[in-house]
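> Note that this note's numbering has the sequence shown beginning at 9, numbered continuously upward. Okay, here's the structure, questions in a sec.
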Amino acid sequence: MKIKRLTLYGYGKFANQSFDLDGTMTTFYGQNEAGKSTIAQFIPAILFGFPSKRSADLRHEPLTGGRYGGELIIEKQGQEFRVQRESGPKRGRVTLTALQTGLQLPPETLTDLIAPLDEALYETVFFIDEPRLAQVFSLKPDQLTYLIQGLGAAGSEEWQEYEHQLEHSARDLYKPTGRNPVINQQLGTRAELVDRIEQSKAVYPQFVKAVDQQHQSNERLKDLETTVHQANQELNELQVLESKWPTYNRLTVLTDQQTNHTVGFSRDDEQELQHLLVRLDDLKTQQQDLQAELAQAKGQTPQQMVGYATHQERFDSLAAELAQMTQVALQIERDQSNQRNQHEEYQALLDRYSVGGQVPRPFTRSDDQLVSELLNQQRKLRQRQQTMQNQLNAANEQGPRTRTTQRQPVTRDLLLIGVGLGLLLVALFMPSMAVKLVGACIGLGIAAYAYFGLSATTSHSLPTDQVSEFWAQLRENNRDAQAVTDQLDQIGIRYGLTALDPEQWSSIQRDLNRLQQLQREIQDRGQFPQRIVIEDYLQQWQTVMPELKFSDQMSYSNQLQAVSARVDRIRSAAQSEQSTVSLLTQLRRQEQQLSGQVERQVSQVNQFLRNRGVETADQFNAQVTVERDREVDQTELRRLSQQLSADDLKHLAQYKTRQELQTQLETVQNRSTQLQQQQTNTVHELAELAAKIEAWTTNGLQTDLEQQLAALDTEIIANVEKYLSHQFAARWIDQMLALASQDRLPEIIQLAEGQLALLTKNRYTQIKLSSEQIEIKGEQTPWLTVGHLSRGTAEQLYVCLKLAVARVLSESHRLPLVIDDGFVTFDDQRRQMMSQLLTDVGQQLQVILLTSDAQAAQTVNQNQLIKL
9 MKIKRLTLYG YGKFANQSFD LDGTMTTFYG QNEAGKSTIA QFIPAILFGF PSKRSADLRH
69 EPLTGGRYGG ELIIEKQGQE FRVQRESGPK RGRVTLTALQ TGLQLPPETL TDLIAPLDEA
129 LYETVFFIDE PRLAQVFSLK PDQLTYLIQG LGAAGSEEWQ EYEHQLEHSA RDLYKPTGRN
189 PVINQQLGTR AELVDRIEQS KAVYPQFVKA VDQQHQSNER LKDLETTVHQ ANQELNELQV
249 LESKWPTYNR LTVLTDQQTN HTVGFSRDDE QELQHLLVRL DDLKTQQQDL QAELAQAKGQ
309 TPQQMVGYAT HQERFDSLAA ELAQMTQVAL QIERDQSNQR NQHEEYQALL DRYSVGGQVP
369 RPFTRSDDQL VSELLNQQRK LRQRQQTMQN QLNAANEQGP RTRTTQRQPV TRDLLLIGVG
429 LGLLLVALFM PSMAVKLVGA CIGLGIAAYA YFGLSATTSH SLPTDQVSEF WAQLRENNRD
489 AQAVTDQLDQ IGIRYGLTAL DPEQWSSIQR DLNRLQQLQR EIQDRGQFPQ RIVIEDYLQQ
549 WQTVMPELKF SDQMSYSNQL QAVSARVDRI RSAAQSEQST VSLLTQLRRQ EQQLSGQVER
609 QVSQVNQFLR NRGVETADQF NAQVTVERDR EVDQTELRRL SQQLSADDLK HLAQYKTRQE
669 LQTQLETVQN RSTQLQQQQT NTVHELAELA AKIEAWTTNG LQTDLEQQLA ALDTEIIANV
729 EKYLSHQFAA RWIDQMLALA SQDRLPEIIQ LAEGQLALLT KNRYTQIKLS SEQIEIKGEQ
789 TPWLTVGHLS RGTAEQLYVC LKLAVARVLS ESHRLPLVID DGFVTFDDQR RQMMSQLLTD
849 VGQQLQVILL TSDAQAAQTV NQNQLIKL
């Protein structure tokens with residue numbers, strides 16, 4: 009159905025006005041109080057009826073009096089109708105006319121014309137405004153699912169309520185284990201009557217057989233009730249399993265692809281191998297240098313001085329390690345110095361940026377770019393604010409004065425306007441929300457006071473329409489500035505930057521990254537195990553040279569320098585002639601030691617690789633890559649495993665394919681239907697047995713008892729039939745609603761996901777309805793609940809869900825989609841994307857947009873724009 013024209017005889021501020029609507033999309037543009045919401049309320053009022061007089065504020069009766077009501081020209085299936093509704097009983101007097109024939113149709117035809125849609129479904133699906141979007145924070149997934157489940161039938165809410173009433177009535181009639189329900193009490197009374205009849209008459213074989221059959225039928229009926237309940241429960245379980253099959257299938261694929269975890273290829277193992285290889289390279293380099301020095305010394309050493317080492321073996325052994333130990337000592341001192349410097353730098357950064365024990369965190373790349381864009385937008389809005397303020401002041405200064413005696417009050421009022429606007433501008437960019445609100449209120453108050461004072465004293469200072477235009481632009485600029493400030497506030501809260509001016513955020517990112525790096529380095533740094541080696545080495549020198557003493561304040565390098573000087577003096581004094589031989593001996597021993605170290609290091613590397621079943625470092629790195637890929641698959645496997653319980657996995661494992669599961673589901677449905685038919689047949693069999701027993705009892709008190717029994721059986725049968733009718737009707741309603749909507753929920757979610765991805769430029773691409781909450785997710789973001797979203801994003805999610813429901817429902821039930829200023833919390837970019845989305849929606853169902861957004865009005869087709 010499409011609306012081609014609106015005519016308002018008298019409705020709110022409108023009187024005798026008509027608007028022609030486009031068949032795809034029509035945009036009404038106007039400022040506040042232009043009548044946009046009045047038009048939005050006019051459409052359902054004509055279609056479904058005026059609100060009662062108890063809700064006078066919703067009736068929109070003519071402000072100037074006169075005729076109340078209006079008409080719609082609607083088109084459905086190629087035929088046009090005029091729907092008129094005026095003041096009258098039962099929510100207004102309706103006149104319906106077929107325009108092609110001119111015939112006036114009964115008012116009841118309007119309900120058939122827009123059936124199966126009703127007012128409740130229209131407001132739920134086809135009407136969007138800001139108050140309804142705000143309900144997204146209180147929306148429960150079961151409410152959304154309940155709504156979607158009923159989309160397949162007209163008046164679904166009434167059907168669902170009627171289903172609950174039937175189930176309650178059935179429980180009042182009978183419960184398998186109850187005492188108070190009517191049938192339970194009647195069965196108890198009947199058992200007593202049967203006992204009394206048995207005592208008062210002769211036992212006839214036929215009577216006994218009938219009673220026995222009746223008892224068996226009752227038992228069979230109870231068994232059937234239990235079996236039907238079990239079959240329905242199994243049916244529900246199979247339906248749940250069928251909905252979880254895609255998740256189970258993906259979980260099975262990942263499980264089959266999983267390989268056993270190979271120990272020894274972790275990141276720590278990778279670092280350990282790298283350390284061993286670096287150490288091996290260093291030793292080989294030292295060995296090559298020492299071999300070159302040894303070759304040079306061999307050419308200079310007299311042959312007769314070679315035996316020097318036999319008398320100074322321990323001395324020379326320690327001396328051979330002196331250079332290496334000196335390097336180790338210097339490295340320890342450099343590491344200690346670096347550690348002190350890093351601690352000092354870390355503490356300085358921590359003192360500079362820590363607020364209340366909380367340290368800000370650096371931005372991600374995307375948030376850093378977002379902050380830069382928001383700050384640029386904020387500066388532009390600030391410049392625009394200042395420009396408009398200067399224009400307003402300049403215009404007021406150039407305006408003519410009516411009397412020269414009023415110049416001093418006018419100047420004062422202009423000055424107060426400037427002060428108020430300046431205070432408002434400063435308040436909007438303050439970091440504190442409380443200061444923001446107080447400053448904004450004071451600034452607006454001063455400016456408003458001065459403005460009305462200026463209006464009172466200068467009758468020709470400035471044209472009223474120019475002042476109104478300036479004020480409208482200032483308010484629009486303030487709203488945009490507030491939206492940008494709110495986004496910056498949320499980013500500041502998320503990263504702990506609320507105590508800093510947003511203009512400083514980008515400049516401190518380098519320091520914050522450095523602070524994180526220093527924190528990781530300090531945490532990863534260990535102690536200096538070489539200190540034990542140095543101290544043991546120095547202790548050996550003191551054993552060889554007892555006269556050698558060290559001060560506690562001396563560093564390791566200074567102590568080794570003292571040892572080196574002492575060694576030089578001893579060799580110079582006692583063995584000056586054997587210096588060359590000593591050098592040669594020392595070099596040989598050092599070479600032997602280095603060779604041993606190289607062999608041991610090579611052995612350690614080979615042992616490391618053999619322990620892990622590989623032969624080369626390249627094979628080790630390849631296995632490390634395999635382990636990284638296995639960890640990624642394991643993460644997805646754990647996520648999917650959390651979505652399925654152990655019982656779900658156990659039951660789903662019983663089926664090889666989804667087709668097999670669906671076949672079992674159909675089998676259980678057929679069996680449930682057969683059991684219900686058996687239950688009905690057993691009830692009729694009981695009724696026939698009761699009639700036979702009544703015919704066999706014919707005399708005396710026995711006759712009276714049997715008459716009572718017959719009457720009671722009649723009541724039981726009636727109540728049983730009533731009970732079964734309630735049960736069958738409730739189950740039929742539930743199955744019909746489920747069948748009517750079982751294919752629509754995935755379609756709605758898929759359509760909503762596509763719309764949300766378009767609005768957010770693929771920031772959010774997935775929507776999930778769980779039993780507890782509604783969640784969304786993007787490629788770069790985790791699953792987020794509605795409570796974790798900004799108000800704008802949450803409302804965009806709700807808009808996408810409602811548009812998806814309307815578009816899916818439009819395949820069978822179509823009404824125009826009415827949107828009354830529903831996107832005030834959207835930023836410029838997402839409002840532009842929403843305009844594009846509504847254009848696409850207009851190709852499927854008629855869209856009527858009412859907005860005060862001038863930018864949105866400029867972007868739409870001007871042939872589809874109506875300015876109020």
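We treat Cβ as the ideally placed atom computed from N, Cα and C, and that holds for glycine.
Buried or exposed: GLY428, going by 16 or more other Cβ atoms within 10 Å of its Cβ?
Position 420 of the sequence shown, counted from the start, is the residue given in the question as residue 428. Classification for GLY428: buried.
> In this structure, does DSSP put LEU792 in helix, strand or coil?
As a working note, residue 792 is residue 784 in the sequence shown. Strand.
> For the candidate residues TYR182, ASP626, VAL336, whose alpha-carbon lies nearest to that of GLU543?
The count along the sequence shown starts at 1 and reaches residue 543 at position 535. Ranking TYR182, ASP626, VAL336 by Cα distance to GLU543 puts VAL336 first.
> Apart from the five residues on each side of it in sequence, which residues of its chain come closer than 6 Å, Cβ to Cβ, to GLN481?
Sequence index remark: in the sequence shown, residue 481 carries index 473 (1-based). Around GLN481, the same chain offers MET396 as residues with beta carbons nearer than 6 Å, after the five sequence neighbours per side are excluded.
> Given this structure, state the Cα-to-Cα distance separating ARG579 from GLN612, to the nearest angstrom.
Against the sequence shown, residue 579 aligns to sequence position 571. Against the sequence shown, residue 612 aligns to sequence position 604. Distance between the alpha carbons of ARG579 and GLN612 is about 38 Å.
> Run through DSSP, which three-state label would SER26 get?
As a first step, residue 26 is located in the sequence shown; it is residue number 18 there, counting from the start. Correct three-state label for SER26: strand.
> On the DSSP bridge list, what partners appear for VAL826?
Your numbering for residue 826 matches position 818 in the sequence shown. Partner(s): PHE135, ILE856.
> Pop quiz: GLN854 and THR32 are said to be a contact at Cβ under 8 Å. What is the actual Cβ separation, rounded to whole angstroms?
Position 846 of the sequence shown, counted from the first residue, corresponds to residue 854. Position 24 of the sequence shown, counted from the first residue, corresponds to residue 32. GLN854 to THR32, Cβ: 7 Å. Contact.
> Can you look up LYS776 in the DSSP assignment and give me helix, strand or coil?
Residue numbering aside, residue 776 sits at position 768 when the sequence shown is read from its first letter. If DSSP states are grouped into helix, strand and coil, LYS776 belongs with the strands.
> If you measure between the beta carbons of LEU118 and VAL133, is that distance less than 8 Å?
For the purposes of this step, residue 118 is identified with residue 110 of the sequence shown, where counting begins at 1. For the purposes of this step, residue 133 is identified with residue 125 of the sequence shown, where counting begins at 1. No; because the gap between Cβ atoms is not below 8 Å, this pair is not in contact.
> Could you compute how far the alpha carbon of THR671 sits from the alpha carbon of SER680?
Working through the sequence shown from its first residue, we reach residue 671 at position 663. Working through the sequence shown from its first residue, we reach residue 680 at position 672. Each residue's alpha carbon lies about 14 Å from the other.
> With distances taken between CB atoms, is the gap from GLY43 to PHE22 smaller than 8 Å?
Within the sequence shown, residue 43 is the residue found at index 35, counting from 1. Within the sequence shown, residue 22 is the residue found at index 14, counting from 1. In this structure, GLY43 places its C-beta atom within 8 Å of the C-beta atom of PHE22.
> Is GLY430 helix, strand or coil when you go by DSSP?
Against the sequence shown, residue 430 aligns to sequence position 422. Of the three classes helix, strand and coil, the one that applies to GLY430 here is helix, per DSSP.
> Assign THR793 to one of two classes, buried (16 or more other C-beta atoms within 10 Å of its C-beta) or exposed (fewer than that).
What you label residue 793 is simply residue 785 of the sequence shown in a count that begins at 1. Exposed, by the Cβ-count rule.
> Can you name, in chain order, every residue of its own chain whose Cβ lies under 7 Å from the Cβ of GLN730, other than the five neighbours on each side?
To locate residue 730, count along the sequence shown from 1; it is residue 722. Contrary to the premise, residue 730 reads as Lys rather than Gln in this sequence. Excluding residues within five positions, the ones whose Cβ falls inside 7 Å are LEU181.
> One question on the structure: do ASP656 and LEU262 come within less than 8 Å of each other, judged by their Cβ atoms?
Locating residue 656 in the sequence shown gives position 648, where the first residue counts as 1. Locating residue 262 in the sequence shown gives position 254, where the first residue counts as 1. The answer is no: Cβ separation not under 8 Å.
> Would you call ASP203 buried or exposed, if buried means 16 or more other Cβ atoms sit within 10 Å of its Cβ?
Start at 1 with the first residue of the sequence shown, and residue 203 comes out as number 195. Its Cβ having fewer than 16 others within 10 Å, ASP203 is exposed.
> Which term fits VAL379, buried or exposed, when burial requires 16 or more other beta carbons within 10 angstroms of its beta carbon?
Translated into positions along the sequence shown, residue 379 becomes position 371. It is buried - the Cβ of VAL379 has at least 16 other Cβ atoms within 10 Å.
> Are TRP513 and LEU523 close, meaning C-beta to C-beta below 8 Å?
For this step, residue 513 is matched to residue 505 along the sequence shown. For this step, residue 523 is matched to residue 515 along the sequence shown. Result no, Cβ atoms of TRP513 and LEU523 do not sit closer than 8 Å.
> Using DSSP with H/G/I as helix, E/B as strand and the rest coil, what is GLY272?
For this step, residue 272 is matched to residue 264 along the sequence shown. Coil, per DSSP.
> Round the Cβ separation of LEU80 and ILE11 to the nearest angstrom and send it over; I've been treating them as touching at under 8 Å.
Locating residue 80 in the sequence shown gives position 72, where the first residue counts as 1. Locating residue 11 in the sequence shown gives position 3, where the first residue counts as 1. Contact holds; Cβ gap of about 6 Å.
> Would you mind working out which of GLN758, LEU526, THR185, ASP835 sits nearest HIS351, comparing C-alpha positions?
Sequence index remark: in the sequence shown, residue 351 carries index 343 (1-based). It is LEU526 whose Cα lies nearest to the Cα of HIS351.
> So, is HIS176 buried or exposed, given that buried needs 16 or more other C-beta atoms within 10 angstroms?
Locating residue 176 in the sequence shown gives position 168, where the first residue counts as 1. By the neighbour-count rule (16 or more Cβ atoms within 10 Å), HIS176 is not buried but exposed.
> For ALA625 and LEU291, I'd like the C-alpha separation in whole angstroms.
Here residue 625 refers to the residue found at position 617 of the sequence shown. Here residue 291 refers to the residue found at position 283 of the sequence shown. Roughly 18 Å separates the two Cα atoms.
> Could you tell me whether the Cβ atoms of GLN295 and SER603 are closer together than 8 Å?
For the purposes of this step, residue 295 is identified with residue 287 of the sequence shown, where counting begins at 1. For the purposes of this step, residue 603 is identified with residue 595 of the sequence shown, where counting begins at 1. Yes, they are a contact pair.
> Taking C-beta to C-beta, are GLN788 and ARG838 nearer than 8 Å?
If you number the sequence shown from 1, residue 788 lands on position 780. If you number the sequence shown from 1, residue 838 lands on position 830. Cβ atoms of GLN788 and ARG838: not closer than 8 Å.
> Which full runs of the alpha helix (DSSP H) of 4+ residues lie inside the segment 618-678, going along the chain?
Uninterrupted alpha helix (DSSP H) stretches at least 4 residues long and entirely within the segment 618-678 occur at 625-651, 654-660, given in chain order.
> From the DSSP output, in three-state form, read off GLU529 for me.
Your numbering for residue 529 matches position 521 in the sequence shown. If DSSP states are grouped into helix, strand and coil, GLU529 belongs with the helices.
> For the structure I just gave you, are there three or more beta carbon pairs, one from the segment 811-826 and one from the segment 841-861, closer than 8 Å?
Taking 8 Å as the limit for Cβ pairs, the verdict is that the segment 841-861 does touch the segment 811-826.
> When you compare only the Cα positions, how much space is there between GLN531 and GLU353?
Locating residue 531 in the sequence shown gives position 523, counting from the first residue. Locating residue 353 in the sequence shown gives position 345, counting from the first residue. Approximately 15 Å between the Cα atoms of the pair.
> Can you say whether GLU674 is buried or exposed, counting buried as having 16 or more other CB atoms within 10 angstroms of its CB?
As a first step, residue 674 is located in the sequence shown; it is residue number 666 there, counting from the start. GLU674 should be labelled exposed.
> Quick one: what's got a C-beta closer than 8 Å to LYS183's C-beta in the same chain, skipping five residues either side?
Taking the sequence shown and counting its residues from 1, the one referred to as residue 183 is at position 175. Result list for LYS183: PRO189, ASN192, in chain order.
> Buried or exposed: THR768, going by 16 or more other Cβ atoms within 10 Å of its Cβ?
Here residue 768 corresponds to residue number 760 of the sequence shown, with the count starting at 1. Buried, because 16 or more other Cβ atoms sit within 10 Å of the Cβ of THR768.
> Considering only DSSP beta bridges, list what VAL102 is partnered with.
Indexing the sequence shown from 1 puts residue 102 at position 94. Answer is ARG93, bridged to VAL102.
> Are there 16 or more other CB atoms within 10 angstroms of the CB of GLN567, so buried, or fewer, so exposed?
For the purposes of this step, residue 567 is identified with residue 559 of the sequence shown, where counting begins at 1. Under this definition GLN567 is a buried residue.
> Considering only residues of the same chain and omitting the five flanking positions on each side of ASN24, which have a CB-CB separation below 6 Å?
In the sequence shown, the residue the question calls residue 24 occupies position 16. Same-chain partners within the cutoff: there are none.
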